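One structure is given below, encoded as structure tokens.
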Amino acid sequence: MGAVPLSKLKNDTNGTGPEVGVNISVKDCEAGTYYIVLDGASANEAPITNVLALDAGNPTAKKVGIKLTDRNNTPVTLDKPFDPNVDPSITVNADGTGTFNLKAYYYTWDKDNAEAGDGNATARFTIMQE
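Residues in the sequence shown are numbered consecutively from 1, following the UniProt record's numbering.
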């Protein structure tokens, strides 16, 4: 995600840093609809549920997580059962390829108490065919 000064998060109305594209490509697939489900630790203190907790490190940023959305800026849920009504999807055509275009942003939910530090996070994903 690169280095983002904490001041960018604190000065942004929504507490977010710049958008970073996260593209997950598939190939050699049968034609059809595919969904992606993300599993990762949620930032417990965050007031919204689509904030990925940062991995433990030294020093890890405080009051900061990674907010995930789909290409339409719809929040991506974490650690929830598969739901075709909310999980991002793609249509794979006869060529067998497709790409999930997601977005990630550093996010602080407490601008006054956020602290700078490492901002790495881990998420697992599962791709399911309809």
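All C-beta atoms, glycine included, are put in the ideal place defined by N, C-alpha and C.
Quick caveat: nothing in here was measured; it's all calculated off a predicted structure.
Secondary structure of Lys103 (DSSP, three-state): strand. Excluding residues up to 5 positions away in sequence, Glu45, Lys63 lie with their Cβ nearer than 8 Å to the Cβ of Asp110 in the same chain.
C-alpha of Asn73 to C-alpha of Lys103: approximately 8 Å in a straight line. Looking at the DSSP output, Glu115 sits in a beta bridge with Lys62. Taking every protein chain shown into account, the CB of Asn85 has fewer than 16 other CB atoms within 10 angstroms, so this residue is exposed. Contact between the segment 40-60 and the segment 4-13 is absent: fewer than 3 CB-CB pairs across the two stretches fall below 8 Å. Counting other Cβ atoms within 10 Å of its Cβ, Thr108 reaches 16 or more and is therefore classed as buried.
Under the criterion of beta carbons closer than 8 Å, Ala31 and Ala94 qualify as touching, at roughly 5 Å.
Distance between Val22 and Thr16, taken at the CA atoms: about 16 Å.
With respect to the 8 Å criterion, Gly98 and Val37 are not classified as neighbours on the basis of their beta carbons. Gly119 is classed as buried because its beta carbon has at least 16 other beta carbons within 10 Å across all chains shown. Residue pairing by DSSP places Thr126 opposite Val37 in a beta bridge. For Lys27, the secondary structure class from DSSP, reduced to helix, strand or coil, is coil.
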